[in-house]
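Novice:
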């Protein structure tokens, strides 16, 4: 909520000319959700410090919130850190308060604009998603010396660990307008959240403020991605209300180490390719994708002419909406559109819409079900829907030791309820096959290790002809 | 002249254009009963005579007819219907919906038709059209019965048509809705005369042997006053005395002390007796042998009796259906070959099992009808309810028992077979052995059907008539239920949301007890209970005395003795060992306080608060509450510092300095507020459970007891383990007594001054109705400091508080009532042992309603 910029350039009070703010006055600018105050805690020839203090209205913030959800309930947190941190509100305040300086104009001291000054910036407090490591990766390549004080979540509960908040001190000898641009872009990048809708004009702003430094910044990709973060409500808003108490348990994927995310991506492609291969091999014409998510597999299935009818089902309505967009279902030619249908459904409820298909893909789904519900899943899929072929994949727990960054004993995804070894998977699959009159064989997914096998495992079930 | 037609029929009017069909239909039927092709043409094309729209018009006509027949409504088709192909589709529809097709032909002379059409300016087609119609009609007349019409009435002149005074609707033979019982419904006898006698005796029917007449065949049976017997068929074959059984049953039917529906064995005997070539298998040979000793006349009477038997009966205003092999809902009260076949044989899958017997399709598993269906046909080791149906054929002839169901008492009465008269190909208890002790309903309950939860739902409840759930909400609930909820077999209840009291008008308060107490006083409630509100997480505990009870009452296998779940149905404990340790500890307390004996139960459902808050909500606490405290706690002192520094320079920032210093203090209070409700949990010892409602035990939902009963009963349990269980402090207030009223306010002030969350005010009675109907079952009144967690650290600053005061409660209150009604309904259904889907419907409904966009701070 507080940004101070100091210089020891002589005379230090020139800072006032550069920033167009008189050192002996307190000034305020209006922001959409409050105000920002500008004043000088010190202003001597030796050292001059300007403070930019946010005065965000905590109640107004919630009441007037017109977030993407439309209503502002639930998605916006009522008890909110926004009034106390440096976020995109700070960027807006910088742009409002120091617009001329950012543009590099200074009527009274034009020579100062392009002069590198000794500058010290403090930010109190800055939420850093990605931690101190990422903070340094953003500022150090630009020449700043970074000093970060990490705040614990609650000193009464040391076991809760560190918070995401830092008090940050940056020192550098640099042109002031550059400091302002860096802060303008990098504060919201660290916060990784925006208080306003991200639209197309944001790209222009980024190019403008990033001119001269962003292109050569080693983290430019990450900066761009986070800066243009699309705030579209990924979880349906009703769902957010329901899971308010426990919401932290879902959607933690982003927090996973980059190494795993990368490996997961290629592995997933392999898994999907193998699934399609097996479905094609089965000779199926009408296929199900149970737990289709956002439609990655559906897209591949559409490419295979053999599949005349494709039904994608997912329990998440939002995922289906995303799938619809990604597959551009509305714009498909009529003949193609007829081949595919998306429905919301659950693998824990009998559903006659699923009966009579030749084959089904169930890719990385069962590990998201509680073990105690597997028996129901089996009856729904193997007992009632009864597709001729079922291609089912799940992670191989043995392989987890190959992921160095994964703590032993934890799962690959926060929502996994279990992960099976190859032996456990086979016991389960063979038992299901015998109860429901299927035969089953197994395939590894991804490169195989001699000791621990492949990263993922696949079972292919086929009905036994009577 | 009268025309007689069955009350449920598809009446097809047949006649050329101008023959007077529409006038005839208008005269004799309700306008809604008549579906006219001209009207359909009009609907699809704005022109009743637009022949180009014929195809679409008939598609619509057939659609309407199908919907009406499906709903069991007599329907009249007003179209020319002169060609066989146009009638064929209608006959198919009648068959599909098991309705009798009736033809009424208006065979008018061509001249009449022509003149009539001439009178109508919009009918300008030529004479040749009518001539053609007439020709087609005459050709059709010969074979209408062959086409499938059960009744054909032909009117050949205007005089004849005008002479029809009335169309009389005959009730179907199977319609005995006016007979309300009580009944004694008796399963498959198969010639087991001795057991039948014992059963009748046990049912208190008096059987006298008298001289035989053509009516009584030597038996006079007198039922207990007002009762009537119903025989479910398969009177004969395999057993030792089929003729004797026939005599008793025929005597009772003749005396109107019994009804009888036919079984497949009875029909086979009928075919044999009528001289058809029937194989003497499955015990028929034995029956024929026994009958050989009877006089010829008796055999003829038997043949006539069997011939007249009606496939099934609909009784007691449609609440009871009896048929030999059962009957699907859509076939009840209807007549067709398919209905009769179903009643006799049930449904088979076309496959045979390992014993060479046809595999029966379990129609009862899909049954969702309103009527109770009692049937036999398939021997079962013991009768079991499944979806409001019951098979009471307990295989007497195979050495099982002869069973009767008393209706409406639902009592089963059985007489064990004296011996095995006939070896069954399949062991009688085969299915049972296969199903590992789960009741049929519980097996069925393993899988719920998606159709029964999604889409717009309208749920009937005893407290609030009906509750409607919107489709958007069921969409959200399906995801939450599937991804996070515990096994639905445990999930018999979800708690309703609770409304706060109205906003206080006092300067520093958002909530104050005055409004809570006044709310109830306004509703005409004089006695209320104030309960301390513990700040933990709402938890519902379902616990059984042992795993055997979990299996027998809940159908839950290998999931321990119970579960504890959150208000959205999530498992409270992610670690099942911890959960079972928790359950065991609670069970010990229940054991020690003799709970099971006192309540005559093997299970209980408790509404509780589970502490600490941080146990379940740790992620929320860390990511949101503690984070805000950290950010504010780190930033505000820096802000105050720089402002102080600035003022030291002689710059006037006093107002800002003042404001931000206050903000720093408020955020400190905020951190203190949430910290009170946190402590770390590493074992069971760290948890505290505070039950506040004993919701249900076997056969009982305890909403008929007041809250003092709940509180004191719970207190007794808590005393068994005070380290783990917390009795909730409470006060009972008489609202008409000013002193007690004040006492309630003082109590709240004391509670909240020491950092308590606040209190919940409830009417003394669990369910209370006021002047405007059901009143809120509870209203919460939260403390000033606690509300910082909800409304933000700085909510008490006057400029904030002022704005926060405008908050609407009506949405929240209406939601609370609807959820309360659904929650109670679910428990009642569970107590009545209804199928799980009926219970789940209510629980799913509560979850769906919880996704309504209501301000979560309320």
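Chains as they are written, first to last, in the UniProt record's numbering: chain A, 1 to 466; chain B, 1 to 858. Built from N, CA and C at the ideal position, the CB exists for glycine as well.
#1: Just how far apart, CA to CA, sit residue 508 (chain B) and residue 763 (chain B)?
#2: Give the secondary structure of residue 798 (chain B) by DSSP, where H, G and I count as helix, E and B as strand, and everything else as coil.
#3: Which first and last residues belong to the alpha helix (DSSP H) in which residue 54 (chain A) is found?
#4: Check whether the Cβ atoms of residue 603 (chain B) and residue 515 (chain B) sit closer than 9 Å, and answer yes or no.
#5: Note down, in chain order, all residues in the region 831–848 of chain B with a beta-carbon under 8 Å from any beta-carbon belonging to chain A.
#6: Let's see if you can read the secondary structure: which residues bound the beta strand (DSSP E) around residue 360 (chain B)?
#7: Which complete beta strand (DSSP E) runs does the region 431–501 of chain B hold, if anything under 3 residues is left out?
#8: Note down, in chain order, every chain A residue with its Cβ under 7 Å from the Cβ of residue 625 (chain B).
#9: State the CB to CB distance for the pair residue 728 (chain B) and residue 531 (chain B), rounded to an integer number of angstroms; the pair is presumed to be in contact (CB under 8 Å).
#10: Going along the chain, which residues of the region 430–441 of chain A sit with their C-beta nearer than 9 Å to a C-beta in chain B?
#11: If the cut is a Cβ gap below 7 Å, which residues of chain A does residue 651 (chain B) touch?
#12: Locate the beta strand (DSSP E) running through residue 461 (chain A), then write down its first and last residues.
#13: If you draw a straight line from the C-alpha of residue 41 (chain B) to the C-alpha of residue 312 (chain A), how long is it?
#14: Using C-beta distances below 7 Å, list every residue in its chain close to residue 664 (chain B), excluding the 5 sequence neighbours before and after it, in chain order.
#15: Please determine whether the Cβ atom of residue 30 (chain A) lies at a distance below 8 Å from any heavy atom of the ligand HEM.
#16: Rounding to the nearest angstrom, what Cα-Cα distance links residue 314 (chain A) and residue 394 (chain B) in this structure?
#17: Between B:31, B:60, B:35, B:33, which has its C-alpha nearest residue 45 (chain B)'s C-alpha?
#18: Please tell me whether residue 435 (chain B) has its Cβ less than 9 Å away from any Cβ of chain A.
#19: Strictly below 7 Å CB to CB, what residues from chain A border residue 487 (chain B)?
#20: Out of B:235, B:245, B:231, B:237, which one is the CA nearest neighbour of residue 219 (chain B)?
#21: Look at the alpha carbon of residue 430 (chain A) and the alpha carbon of residue 366 (chain A), and state the distance between them as a whole number of angstroms.
#22: My output table needs one value for residue 380 (chain A): the three-state DSSP class, helix, strand or coil.
#23: Any chance you could list the beta strand (DSSP E) runs of at least 3 consecutive residues sitting entirely within the region 561–622 of chain B, in chain order?
#24: Under the DSSP definition of a beta bridge, which residues are partnered with residue 342 (chain A)?
#25: Using a Cβ-Cβ cutoff of less than 7 Å, which residues in the same chain neighbour residue 470 (chain A) once the five nearest sequence positions on both sides are dropped?
#26: By Cβ distance below 7 Å, which residues in the same chain neighbour residue 800 (chain B) in space, the five residues on each side in sequence not counted?
#27: Checking the sheet assignment: what are the DSSP bridge partners for residue 441 (chain A)?
#28: Can the beta-carbon of residue 493 (chain B) be found closer than 9 Å to that of residue 826 (chain B)?
#29: Counting only beta-carbon atoms, is residue 571 (chain B) nearer than 9 Å to chain A?
#30: Counting C-beta neighbours from all protein chains within 10 Å, is the total for residue 342 (chain B) 16 or more, i.e. buried, or is it exposed?
#31: From the DSSP output, in three-state form, read off residue 773 (chain B) for me.
#32: Looking at the secondary structure, which residues open and close the beta strand (DSSP E) in which residue 6 (chain B) lies?
#33: Can you look up residue 211 (chain A) in the DSSP assignment and give me helix, strand or coil?
#34: If you draw a straight line from the alpha carbon of residue 852 (chain B) to that of residue 472 (chain B), how long is it in whole angstroms?
#35: Should residue 708 (chain B) go down as buried or exposed, given a rule of 16 or more other Cβ atoms within 10 Å for buried?
#36: Keeping to the same chain, check which residues put their C-beta closer than 6 Å to that of residue 171 (chain B); ignore five residues upstream and five downstream.
Specialist: Quick answer:
#1: Taking the second chain and counting its residues from 1, one reaches residue 508 (chain B) at position 508. Taking the second chain and counting its residues from 1, one reaches residue 763 (chain B) at position 763. Each residue's alpha carbon lies about 27 Å from the other.
#2: Taking the first residue of the second chain as 1, we reach residue 798 (chain B) at position 798. Three-state result, residue 798 (chain B): helix.
#3: For this step, residue 54 (chain A) is matched to residue 54 along the first chain. Per DSSP, residue 54 (chain A) belongs to no alpha helix (DSSP H); it is in the beta strand (DSSP E), 48–56.
#4: By one-based count along the second chain, residue 603 (chain B) stands at place 603. By one-based count along the second chain, residue 515 (chain B) stands at place 515. Cβ distance not < 9 Å, so residue 603 (chain B) and residue 515 (chain B) don't count as in contact.
#5: 847
#6: Indexing the second chain from 1 puts residue 360 (chain B) at position 360. Here the beta strand (DSSP E) through residue 360 (chain B) covers 358–360.
#7: 457–461, 465–469
#8: Here residue 625 (chain B) corresponds to residue number 625 of the second chain, with the count starting at 1. Per Cβ cutoff of 7 Å: 79.
#9: Here the question's residue 728 (chain B) lines up with position 728 in the second chain. Here the question's residue 531 (chain B) lines up with position 531 in the second chain. Going by Cβ atoms, the distance from residue 728 (chain B) to residue 531 (chain B) rounds to 5 Å, so yes, they are a contact pair.
#10: none
#11: As a position in the second chain, residue 651 (chain B) is number 651, starting the count at 1. Per Cβ cutoff of 7 Å: 24, 26, 39.
#12: Residue numbering aside, residue 461 (chain A) sits at position 461 when the first chain is read from its first letter. That run of the beta strand (DSSP E) goes 456–463.
#13: In the second chain, residue 41 (chain B) corresponds to position 41, counting from 1. In the first chain, residue 312 (chain A) corresponds to position 312, counting from 1. Each residue's alpha carbon lies about 40 Å from the other.
#14: As a working mapping, residue 664 (chain B) is identified with position 664 in the second chain. The residues are 636, 637, 640.
#15: This structure does not include the ligand HEM; it has no bound ligands of any sort.
#16: Numbered from its first residue, the first chain carries residue 314 (chain A) at position 314. Numbered from its first residue, the second chain carries residue 394 (chain B) at position 394. One C-alpha to the other measures close to 44 Å.
#17: Your numbering for residue 45 (chain B) matches position 45 in the second chain. Closest option to residue 45 (chain B), Cα to Cα, is B:60.
#18: Residue 435 (chain B) sits at position 435 when you count from the first residue of the second chain. Residue placement at residue 435 (chain B) is poorly supported in this model, since its pLDDT is 45, which falls under 50; the coordinates are not used for a value here.
#19: Reading the second chain from its first residue, position 487 is the one you call residue 487 (chain B). In chain order: 372, 373.
#20: Locating residue 219 (chain B) in the second chain gives position 219, where the first residue counts as 1. Comparing Cα-Cα distances from residue 219 (chain B) to each of B:235, B:245, B:231, B:237, the minimum goes to B:245.
#21: Along the first chain, read from residue 1 onward, the residue named residue 430 (chain A) stands at position 430. Along the first chain, read from residue 1 onward, the residue named residue 366 (chain A) stands at position 366. Approximately 15 Å, taken between the alpha carbons.
#22: The residue you call residue 380 (chain A) lines up with position 380 of the first chain. DSSP places residue 380 (chain A) in helix when its eight states are reduced to three.
#23: 562–565, 603–611
#24: As a working note, residue 342 (chain A) is residue 342 in the first chain. According to DSSP, which records beta bridges pairwise, residue 342 (chain A) is partnered with A:312.
#25: Chain A is shown only over 1 to 466; residue 470 (chain A) falls outside these bounds and no answer can be derived.
#26: As a position in the second chain, residue 800 (chain B) is number 800, starting the count at 1. Same-chain partners within the cutoff: 794.
#27: Residue numbering aside, residue 441 (chain A) sits at position 441 when the first chain is read from its first letter. Note: residue 441 (chain A) sits in a beta bridge opposite A:460.
#28: Translated into positions along the second chain, residue 493 (chain B) becomes position 493. Translated into positions along the second chain, residue 826 (chain B) becomes position 826. Yes, the Cβ-Cβ distance between residue 493 (chain B) and residue 826 (chain B) is below 9 Å.
#29: In the second chain, counting from the first residue as 1, residue 571 (chain B) sits at position 571. Chain A, which has a Cβ nearer than 9 Å to the Cβ of residue 571 (chain B), makes this yes.
#30: As a first step, residue 342 (chain B) is located in the second chain; it is residue number 342 there, counting from the start. When all chains shown are included, residue 342 (chain B) counts as buried.
#31: Indexing the second chain from 1 puts residue 773 (chain B) at position 773. Correct three-state label for residue 773 (chain B): strand.
#32: Reading the second chain from its first residue, position 6 is the one you call residue 6 (chain B). Residues 2–6.
#33: Position 211 of the first chain, counting from 1, holds the residue named residue 211 (chain A). In this structure, residue 211 (chain A) counts as coil in the three-state DSSP scheme.
#34: Along the second chain, one-based indexing puts residue 852 (chain B) at 852. Along the second chain, one-based indexing puts residue 472 (chain B) at 472. Rounded to whole angstroms, residue 852 (chain B) to residue 472 (chain B) spans 9 Å at the Cα level.
#35: Along the second chain, read from residue 1 onward, the residue named residue 708 (chain B) stands at position 708. By the neighbour-count rule (16 or more Cβ atoms within 10 Å), residue 708 (chain B) is not buried but exposed.
#36: Translated into positions along the second chain, residue 171 (chain B) becomes position 171. If we look at residue 171 (chain B) and ignore the five residues flanking it on each side, its Cβ neighbours are 7.
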